[in-house]
């Protein structure tokens, strides 16, 4: 298809929910009730299941977006093909690789604030815009966009859409992106949102003890360095985890297309992982995308100071030079099982002196 | 390693003198305590909390230093009982070795050796080695240290002057290196591969430069009894207990077979006491010499420490007791201990 489809022409906009769009104006409660009687799903009932209630920050439901649609810049974190096929009307497509850019410093890899800001500027985001980010669900691409905005010191509010595009029952768009005027996004880097390798090296031995909380967000097999596991990254010289890290696989933050029940998340992180919401908590993964799910989730449930190790385990495991300063642990592990995890495994080596 | 720089040494290095006021310090893994006993009488003198899972102890600069495997630190106990924690940063301190006046500690849950200043009781460095380092051995000149990696199947070689890993000896495919020892003259090194039930001999001065582990220094290998763990190297012999088979293999220094000693239940160590080699058996309440002499003990022993004058202190891990055993006359005393007594040291 080469022709540009008009996003102003609803009648010609192909969407898989076009038939249901007429119901969009119904109240959530009424639609849900009707759906129950007829045993069918309506856009409103689908939307209703993604509403967010209680004391949860950063995650909003479709109803919130409907109420604030004209006041926020909507960013689509999905791939380009998905964006072209169907999107929230007026959404702008995030150049994802650019907003995950890193720069090297003496202390290790950190977010490349200039590159990230430039990427947001290209899609017309201004530092004081209120932003709503969505994806197919509330996975890590979405949360990486939220993190990237925080990293460049975004002044406007940043929220993500619970349920992703599937929960949206409002106007949809398709085809090529709309033209938007670029902005000159001047970053105000916020290093309080991340840590680097040296920051961590200085605190080895203190994590989840006297020092900061530290969460490994990878699958347990990677954390455990389970011999023979497909989860081990062949590009890494070493396997295991940073000393003292507790493993909570990030997929536990997501239940289908929405965030896991907040009460469950509080139990997961405060009770089972024993993290202190009043202390600094660092999250890391293999890369700098997946752990942002935990970064945003912890902030959403009230953790005050959550930071991302942007270099990730990949940087730590492959660091050049004095690796004694950057040790990894393999035995004696703390794996907090999540619904999305693949289990604790037992390949991490025994921990005994009796053989 | 159970001895220290001013402690009785272990098998192959002879008995120690025995002043009457000596104390047997026993890390008790189950209760996180260092239990103290009068060596001569067995009188229980007290306990000192030392941290999670204490397993081995050594003496250094007048202090007793305890490896607490459940911590990211070791614990030093001074002559007056004062306790100092020394951070290692990495979990699982298990074994000690002294080289160039510094205390090396294998951090068996990670991939590092912690280097501790025993006077200042501070961490001065960490040396990256293969994952899950376990036993340590030091060359007679103390210029090189050897650490066995349980996960990577290598013996890492560390330059103790620069505190850098200068290479590694490949102990074979899928090896799980537990015990590491050098002959007293430093001319030959040995590594026990628990998984493969093998012992490997290597040239301690061999060229190991490079990032990848090298098999070039390996000089030979031999099969041993199942589930070997530790070994003892003397001037002309190598002894490897095979815990699973109840045998002790005896080799010459080139791993040519000398004998296979049978009839043990679960042999775990070979100690030199009163000029003879005695086998400690974790499955039977006795010490048995390689010549066939037997001395009954109150219970099976997992770890034993020569205490001088033909005596050995035995930790009865599964029976929560310790004893002092004379290889001529049998038990001198037996005392209850906190749970799971492990590698003791005479202070």
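Chains as they are written, first to last, in our numbering: chain Y, 1 to 355; chain A, 1001 to 1347.
Just so you know, even glycine gets a beta-carbon here, dropped at the ideal spot from N, CA and C.
Keep in mind that this is a model prediction, so the values were computed, not measured.
CA-to-CA, the gap between residue 150 (chain Y) and residue 1106 (chain A) works out to about 41 angstroms. Setting aside the 5 residues that flank it on each side, residue 211 (chain Y) is surrounded in the same chain by 203, each with a C-beta closer than 7 angstroms to its C-beta; the list follows chain order. Counting along the chain, residue 159 (chain Y) sits inside the beta strand (DSSP E) bounded by residues 158 to 161. Residue pairing from DSSP leaves residue 1237 (chain A) without any beta-bridge partner. Less than 9 angstroms divides the Cβ of residue 1068 (chain A) from the Cβ of residue 1093 (chain A). In the three-state DSSP reduction, residue 108 (chain Y) falls in the strand class (E or B). For chain Y, the residues of the region 1087 to 1113 of chain A that bring a beta carbon within less than 9 angstroms of one of its beta carbons are 1087, 1088, 1089, 1090, 1091, 1092, 1094, 1095, 1107, 1108, 1109, 1110, 1111, 1112, 1113, in chain order. The Cβ of residue 1072 (chain A) sits closer than 9 angstroms to at least one Cβ of chain Y. For residue 1259 (chain A), the uninterrupted beta strand (DSSP E) segment begins and ends at 1257 to 1261. Its chain contains 1197, 1198 as the residues whose beta carbon lies nearer than 7 angstroms to that of residue 1223 (chain A), once the 5 sequence neighbours on both sides are disregarded; these appear in chain order.
Residue 1132 (chain A) belongs to the set of residues whose beta carbon lies under 9 angstroms from a beta carbon in chain Y. Counting along the chain, residue 291 (chain Y) sits inside the alpha helix (DSSP H) bounded by residues 291 to 300.
At least 9 angstroms separates the beta-carbon of residue 1134 (chain A) from that of residue 1090 (chain A). The DSSP-derived three-state label of residue 1278 (chain A) is strand. Chain-ordered, the chain A residues with CB closer than 8 angstroms to the CB of residue 243 (chain Y) read 1072, 1089, 1090, 1091, 1110.
Residue pairing by DSSP puts residue 1331 (chain A) in a beta bridge opposite A:1325. Of the residues assessed, residue 263 (chain Y) falls on the exposed side of the cut-off, its CB having fewer than 16 other CB atoms within 10 angstroms.
Between residue 241 (chain Y) and residue 306 (chain Y), the gap from beta carbon to beta carbon reaches 9 angstroms or more.
Closer than 9 angstroms to the CB of residue 212 (chain Y) there is not a single CB belonging to chain A. In chain order, 163, 164, 166, 254, 256, 257, 258 place their CB closer than 8 angstroms to the CB of residue 137 (chain Y), counting only its own chain and leaving out the 5 sequence neighbours on each side.
Taking 9 angstroms as the cut-off between beta carbons, the residues of the region 318 to 330 of chain Y near chain A are 322, 323, 324, 325, 326, 327, 328, 329, 330, in sequence order. Judged by beta-carbon spacing, residue 1290 (chain A) lies beyond the 9 angstroms limit of residue 1304 (chain A), meaning their Cβ atoms are not closer than that value.
In the structure shown, the three-state DSSP call for residue 199 (chain Y) is helix. Note on geometry: alpha-carbon atoms of residue 153 (chain Y) and residue 101 (chain Y) lie some 16 angstroms from one another. By the rule that beta-carbons nearer than 9 angstroms mark a contact, residue 205 (chain Y) touches chain A. When DSSP states are grouped into helix, strand and coil, residue 1336 (chain A) belongs to the strand group.
Contact note: residue 1125 (chain A) reaches chain Y through 324, using a C-beta cutoff of 7 angstroms and chain order.
Interface residue (Cβ-Cβ distance to chain A less than 9 angstroms): residue 302 (chain Y) is not classified as such.
Restricting attention to beta strand (DSSP E) runs no shorter than 3 residues, the region 1122 to 1170 of chain A encloses them at 1122 to 1128, 1133 to 1138, 1144 to 1149, 1154 to 1159, 1164 to 1170, ordered along the chain. Sequence-distant partners of residue 290 (chain Y) (beyond 5 residues in either direction) whose C-beta falls short of 8 angstroms from its own C-beta, in its chain, are 140, 217, 218, 250. Using a Cβ-Cβ cut-off of 8 angstroms, residue 240 (chain Y) is close to 1110, 1111, 1131 of chain A, given in chain order. Setting aside the 5 residues that flank it on each side, residue 1064 (chain A) is surrounded in the same chain by 1025, 1057, 1077, 1347, each with a C-beta closer than 6 angstroms to its C-beta; the list follows chain order. Within the region 1172 to 1218 of chain A, the complete beta strand (DSSP E) segments of 3 residues or longer fall at 1177 to 1182, 1189 to 1193, 1198 to 1202, listed in chain order.
Shown here, residue 69 (chain Y) sits in a helix according to DSSP, grouped into three states. By a beta-carbon distance limit of 8 angstroms, residue 1240 (chain A) contacts residue 1228 (chain A). Their separation comes to about 5 angstroms. Counting C-beta pairs closer than 8 angstroms gives three or more between the region 83 to 100 of chain Y and the region 174 to 182 of chain Y, which meets the contact rule.
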